[in-house]
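Heads up, the thing below is written out as structure tokens.
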């Protein structure tokens with residue numbers, strides 16, 4: 156997966172699924188997206204970090220669901236008709252991400268992709284891999300491995316290892 | 031198929047054969063008159079030899095070759111192997127196993143004892159063969175030509191051809207006598223055929239009464255070519271109900287001039303037989319033996335029509351069935367559909383539910399295998415341990431046909447070995463006098479049984495030894511600091527102490543057990559498959575280890591409870607009872623600790639919502655439901671809002687993300703499609 160990101164050549168590498176959190180647009184590499192489903196009920200798991208909304212049933216498999224708003228320190232809101240869960244595959248595991256609204260799939264030319272600025276976003280910049288300019292909008296491309304890669308998983312495990 | 035893949039298949043097969051050989055040898059020891067069993071062992075070794083050489087596993091090939099010789103000797107003589115021979119057989123199987131490992135890992139050299147065992151095998155052959163018939167003596171030689179018994183050719187024994195009429199006497203029912211003449215070309219082996227292939231196929235549809243082989247001028251050892259067919263002509267007397275056309279099908283792949291099938295009518299009119307060119311034909315296969323063997327092969331073929339399936343695929347199928355069950359439940363519980371009061375709809379939904387259940391059961395049964403193989407393996411364990419500690423032991427097996435989840439079988443083997451060794455080493459009296467005094471037989475009896483009880487599978491290991499000395503166990507546990515003097519323990523808890531890490535009551539650490547790791551491993555292994563171990567014992571009558579396992583790994587019987595508006599599942603296996611206490615039975619120690627009086631016991635109250643940090647509410651215990659749960663540490667009363675019901679649930683892991691989340695062991699998808707968490711009772715208190 157790392158390699159795919161690193162190459163960054165051609166159209167295919169620059170296809171992103173964009174979605175809204177509050178007023179901001181974020182993007183993830185379309186190849187990491189397994190599917191998008193409507194918001195559904197999740198079961199909270201005790202003694203896990205707050206941003207982990209719980210688990211849900213994805214056609215018989217139980218997968219964790221993360222509330223992106225909480226993860227990015229945004230105010231929680233009640234789910235509405237646009238609230239969706241984006242199922243993303245990280246290291247072969249499926250994880251659901253709750254987002255405010257899924258927008259579209261976009262192709263971005265290489266020259267419109269730049270490194271993230273040091274400030275100016277609600278989100279800790281270590282989760283932002285790139286900024287992509289598209290028409291008059293700016294899309295923040297998320298680095299999922301940084302977001303939920305080994306480090307974060309490690310934190311979750313360490314929390315519960317006190318058993 | 032790549033060579034690597036073929037090799038992988040060979041290794042798998044070889045392991046199966048070796049495992050089976052072990053069991054067969056032990057069974058053969060019990061009934062030495064059973065030649066069929068010996069033949070079975072021989073066949074296994076023979077297959078192994080062939081494949082080993084094909085993969086250039088020369089060390090394995092060499093060893094197996096000699097082992098085969100010994101077996102062949104016993105197979106074809108009336109001599110029954112002695113106990114020491116059987117020991118050698120078993121030792122050989124061990125070495126085959128080790129040699130195979132050497133070959134697989136491409137290590138050089140030979141495993142320990144390889145040479146010694148090989149020497150012993152050769153010694154057996156040379157001492158035994160001095161007595162029997164001369165023909166057999168040649169078998170044991172390494173020389174290929176002699177192995178084939180070429181002296182038969184040197185001094186041809188003229189075989190008197192039986193009269194034609196004698197064959198007609200042996201016809202049964204509607205059978206017709208055929209004479210089949212095979213004049214196979216000399217390159218027949220290179221074309222992938224040999225005479226025996228046709229013999230085998232012929233015996234599927236009829237009986238071979240006799241065969242006459244006419245070899246070409248016998249060759250010398252120097253010129254012998256194993257890929258050259260030296261039999262110019264083979265004449266087969268064949269009895270069958272099939273038509274000539276059907277027989278011809280068997281020879282479809284041969285050139286037309288290579289075979290001739292002639293139906294021989296009954297000699298109402300005396301008819302001369304065909305002019306067979308046969309200079310000193312040799313009758314090879316003795317009729318009854320050939321017939322019997324062929325029948326056996328056929329029976330084995332019918333029995334073993336197994337299909338090897340990747341376990342992964344089976345799991346995927348199982349997952350899909352799980353989804354189907356959930357979807358079907360959803361349909362069944364859907365209010366809108368229920369509102370449609372239509373007989374057709376109701377019927378269809380009921381039908382669907384039935385079929386779904388059926389599919390579920392069938393898929394489940396695919397994973398279930400009889401526990402027999404695991405039990406049979408224990409024979410070897412008992413035999414070895416019995417020899418090692420010098421106590422005669424009789425192993426009794428019961429309920430070997432009980433079926434158990436495949437994954438569980440694998441996890442069960444080691445714990446069973448540990449328990450059995452422990453029983454033999456510590457349980458059974460060392461002194462026969464001691465046994466006699468207690469009115470027991472000289473032979474220690476270990477009983478291994480499997481049966482169903484209340485939705486669980488129980489594996490029981492029972493010995494008739496001296497029982498577990500409770501006092502000694504308790505003292506030892508005190509010494510080792512496993513218990514505190516102020517702890518009050520009941521009988522079961524004391525017995526459970528012997529499964530604590532670092533516990534061993536044996537005064538002398540023996541080779542078998544007593545390192546104080548064994549029984550601890552047992553507990554961990556059984557718990558990993560969601561089972562539990564119970565120990566009971568009666569002084570001087572023996573001890574019993576009960577392994578209680580869920581029917582399958584995938585499904586548990588769960589009690590559904592509600593706490594703070596959320597649903598949780600408690601495995602029913604851990605629940606003793608549930609009750610609502612009276613107000614005066616609830617006691618509060620200090621300001622926090624709560625206890626409840628249940629009959630004569632005082633149990634700590636554990637509030638589920640507090641343990642899981644769901645909320646901070648604190649309803650009165652006498653207005654809630656208490657579930658009495660037993661875990662490793664003892665009993666406690668879990669306080670929940672209410673019991674919802676009992677249900678079979680399909681266990682799903684929560685995945686790495688939640689690995690080791692305290693208090694939760696997994697999740698299950700409920701009828702409404704939502705996930706409920708399964709509680710891990712060991713971590714609640």
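Protein chains in written order, with this note's numbering: chain A, 156 to 318; chain B, 31 to 715. All residues carry an ideal CB built from backbone N, CA and C; glycine is no exception. These numbers were taken from a predicted model, which means no experiment stands behind them.
- Neighbours of residue 215/A across chain B, judged by C-beta separation under 7 Å: 349, 352, 353, 356 and 699.
- The C-beta distance from residue 416/B to residue 497/B rounds to 19 Å, too long to meet the 8 Å contact threshold.
- For residue 230/A, none of the residues of chain B pass the 8 Å Cβ criterion, the least Cβ distance being about 22 Å.
- When the five nearest sequence neighbours on each side are left out, the beta carbons in the same chain lying within less than 7 Å of the beta carbon of residue 205/A are those of 225, in order along the chain.
- Along the region 187–205 of chain A, the positions whose C-beta sits under 7 Å from a C-beta of chain B are 196, 198, 200, 201, 202 and 203, read in chain order.
- With 16 or more other Cβ atoms inside 10 Å of its own Cβ, residue 129/B counts as buried.
- For the 8 Å CB-CB criterion, residue 673/B and residue 694/B do not form a contact.
- Bridge pairing for residue 294/B: 207/B [DSSP].
- In chain order, 201 and 202 make up the part of chain A whose C-beta sits under 7 Å from the C-beta of residue 643/B.
- Here residue 207/B is actually not in contact with residue 223/B; their C-beta atoms are around 25 Å apart, not less than 8 Å.
- Taking 8 Å as the cut-off between beta carbons, the residues of the region 218–250 of chain A near chain B are 218, 219, 248 and 250, in sequence order.
- 8 Å or more divides the Cβ of residue 360/B from the Cβ of residue 432/B.
- Judged by their CB atoms, residue 399/B and residue 412/B are not nearer to each other than the 8 Å cut-off.
- Between the alpha carbons of residue 622/B and residue 615/B lies a gap of roughly 16 Å.
- In the same chain as residue 618/B, and ignoring 5 residues on each side of it, the C-beta atoms closer than 7 Å to its own belong to 624, in chain order.
- Restricting attention to alpha helix (DSSP H) runs no shorter than 4 residues, the region 561–645 of chain B encloses them at 638–641, ordered along the chain.
- By the Cβ rule, the region 227–246 of chain B counts as touching the region 269–289 of chain B, because three or more pairs are nearer than 8 Å.
- At a cut-off of 8 Å between beta carbons, residue 694/B contacts chain A.
- Taking C-beta atoms as the reference points, residue 657/B and residue 563/B fail to come closer than 8 Å.
- Contacts with chain A (Cβ-Cβ distance below 8 Å) from the region 550–579 of chain B involve no residue at all.
- It is roughly 15 Å from the alpha-carbon of residue 506/B to the alpha-carbon of residue 456/B.
- For residue 631/B, the number of other beta carbons within 10 angstroms of its own is below 16, and it is reported as exposed.
- Straight across, the Cα-Cα distance linking residue 63/B with residue 149/B is about 27 Å.
- Not a single C-beta of chain A is nearer than 8 Å to the C-beta of residue 386/B.
- Unbroken alpha helix (DSSP H) stretches of 4 residues or longer found wholly inside the region 60–125 of chain B: 65–84 and 88–106, given in chain order.
- The closest CA to that of residue 124/B, considering only 66/B, 55/B and 109/B, is found on 55/B.
- With distances taken between CA atoms, residue 42/B lies nearest to 338/B out of 364/B, 266/B and 338/B.
- By the neighbour-count criterion, in which 16 or more other beta carbons inside 10 Å mark a residue as buried, residue 172/A falls on the buried side.
- Cα atoms of residue 439/B and residue 404/B: separation of roughly 7 Å, rounded to the nearest angstrom.
- The beta carbon of residue 210/A sits closer than 8 Å to some beta carbon of chain B.
- The residue from 241/A, 210/A and 223/A with its alpha-carbon nearest to that of residue 258/A is 241/A.
- Boundaries for residue 143/B: no beta strand (DSSP E) harbours it, and the DSSP string shows neither H nor E there.
- Cβ-Cβ distances below 6 Å link residue 199/A to 209 in the same chain, with the five nearest sequence neighbours on each side left out; the list follows chain order.
- In this structure, the straight-line span from the alpha carbon of residue 613/B to that of residue 652/B is close to 5 Å.
- Nearest neighbour of residue 220/A by Cα position, chosen from 367/B, 698/B, 557/B and 684/B, turns out to be 684/B.
- 8 Å or more divides the Cβ of residue 97/B from the Cβ of residue 81/B.
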